[in-house]
């Protein structure tokens, strides 16, 4: 971002539809184009410590504790790409479309053929040829853009596997007017059962962005799990003591 005033400011609220959302203080929109430091400061002041209400948050909204400033880039075309677990196939899949920047469920309903789904071998990942073929099917303009897109597909899968993700969604993934391929917005989900080995990921968790009832339920489940484990340990110890008693009798 150094050397440019062409920026975008985004409310860091864990919900979709931020651009069309409204803050409880009356300020409209969680995503704004800014052209100067003073404008960024003014908008950040209206976003921070206010609740953003979107179609996903419900009427209560979500508190905005932070904002992000990003370099503004002009896309020539927007795409959608996600890495998910397919329960039916029992394997990860990459889901992609050349109709990005909008609700993917709406795209699937209106034009099912616009959705491409590729199963991925859990251990081998996405081969070079399949990554390149996906980039070509999506219609990336030049050879360099296709190579960039293919590399991003493979990197996204590696993150998905290495970080115990349950979902990675890039919407939009864009090809810019100067030929760059960028992930311009992203949503990640992670397996709570893998928290013990993903300390770096869970260290970023902000429970203020989650449903309070769900957070409390997760806490109770963890505590119950620990208690069950403790009782299992006691039962095992008791069983050993009984067995030793029998042998000494």
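In my numbering, the protein residues as written are -16 to 232. Glycine is no exception: its CB is placed at the ideal position from the N, C-alpha and C atoms. Computed from a prediction, not measured in an experiment: that's the story for all the values here.
Count the other CB atoms within 10 Å of the CB of residue 17; is the residue buried (16 or more) or exposed (fewer)?
-> With a threshold of 16 other beta carbon atoms within 10 Å, residue 17 meets it and is buried.
In or out: residue 168 buried (at least 16 other Cβ within 10 Å) or exposed?
-> Buried is the call here.
Count the other C-beta atoms from every protein chain shown that fall within 10 angstroms of the C-beta of residue 117, then say buried if there are 16 or more, exposed otherwise.
-> Buried, since its Cβ has 16 or more Cβ neighbours within 10 Å.
Who are residue 65's beta bridge partners in DSSP?
-> Its beta-bridge partners are 78, 152.
Residue 158 in three-state terms, based on DSSP | Three-state DSSP puts residue 158 in a strand.
Among -12, 162, 19, 44, which has the Cα closest to the Cα of residue -6?
-> Nearest C-alpha to residue -6 among -12, 162, 19, 44: 44.
Buried or exposed (CB count within 10 angstroms, at least 16 for buried), residue 221 = The pLDDT assigned to residue 221 is 46, lower than 50, so where the model puts this residue is not dependable; a value taken from the coordinates is nonetheless given after this. Residue burial is scored here from C-beta neighbours: residue 221 has fewer than 16 other C-beta atoms within 10 angstroms and is therefore classed as exposed.
Are the Cβ atoms of residue 121 and residue 59 separated by less than 9 Å?
-> Not a contact, by the Cβ cut-off of 9 Å.
First and last residue of the uninterrupted alpha helix (DSSP H) at residue 102 = Unbroken run through residue 102 is the beta strand (DSSP E), 98 to 102; no alpha helix (DSSP H).
Meets three-Cβ-pair contact criterion under 8 Å: the stretch 46 to 65 and the stretch 4 to 23 = The answer is yes - the stretch 4 to 23 touches the stretch 46 to 65, with three or more Cβ pairs under 8 Å.
Tell me, please, whether the CB atom of residue 102 is closer than 9 Å to any CB atom in chain D?
-> Protein chain content of the structure displayed is limited to a single chain, and chain D is not contained in it.
Comparing alpha-carbon positions, which option in 125, 97, 3, 140 lies nearest residue 39?
-> Minimum Cα distance to residue 39 is reached at 3.
Pairing CB atoms from the stretch 89 to 109 with CB atoms from the stretch 26 to 36, are three or more of them under 8 Å?
-> Output reads no: the stretch 26 to 36 does not touch the stretch 89 to 109.
Segment limits, beta strand (DSSP E) that includes residue 34 = Its beta strand (DSSP E) spans residues 34 to 36.
Whose C-beta lies closer than 6 Å to the C-beta of residue 64 among residues of the same chain, with five residues either side of it excluded?
-> Result list for residue 64: 79, 153, 156, in chain order.
Whole-angstrom distance between residue 23 and residue -9, CA atom to CA atom = If you take the alpha carbons of residue -9 and residue 23, they lie about 9 Å apart.
State the CB to CB distance for the pair residue 150 and residue 171, rounded to an integer number of angstroms; the pair is presumed to be in contact (CB under 8 Å).
-> Contact holds; Cβ gap of about 7 Å.
Let me know the secondary structure DSSP gives residue 184 once reduced to three states.
-> If DSSP states are grouped into helix, strand and coil, residue 184 belongs with the helices.
Euclidean distance between Cα positions of residue 164 and residue 115 = Using only the alpha carbons, I get a separation of about 14 Å.
Paired residues, beta bridge with residue 14 - DSSP = According to DSSP, residue 14 bridges with -7.
Span separating the alpha-carbon of residue 131 from that of residue 203 | Approximately 45 Å between the Cα atoms of the pair.
When we look at the beta-carbon of residue 49 and count the other beta-carbons within 10 Å, is it buried (16 or more) or exposed?
-> Exposed, since its Cβ has fewer than 16 Cβ neighbours within 10 Å.
From the DSSP output, in three-state form, read off residue 58 for me.
-> Assigned with DSSP and collapsed to three states, residue 58 falls in strand.
Candidates 123, 182, 29, 147, of which the one nearest residue 161 by Cα | Among 123, 182, 29, 147, the Cα nearest to that of residue 161 belongs to 123.
Pick helix, strand or coil for residue 218, following the three-state DSSP scheme.
-> Unreliable positioning characterises residue 218 in this predicted model, as indicated by a pLDDT of 49, which lies under 50. A coordinate reading is not provided.
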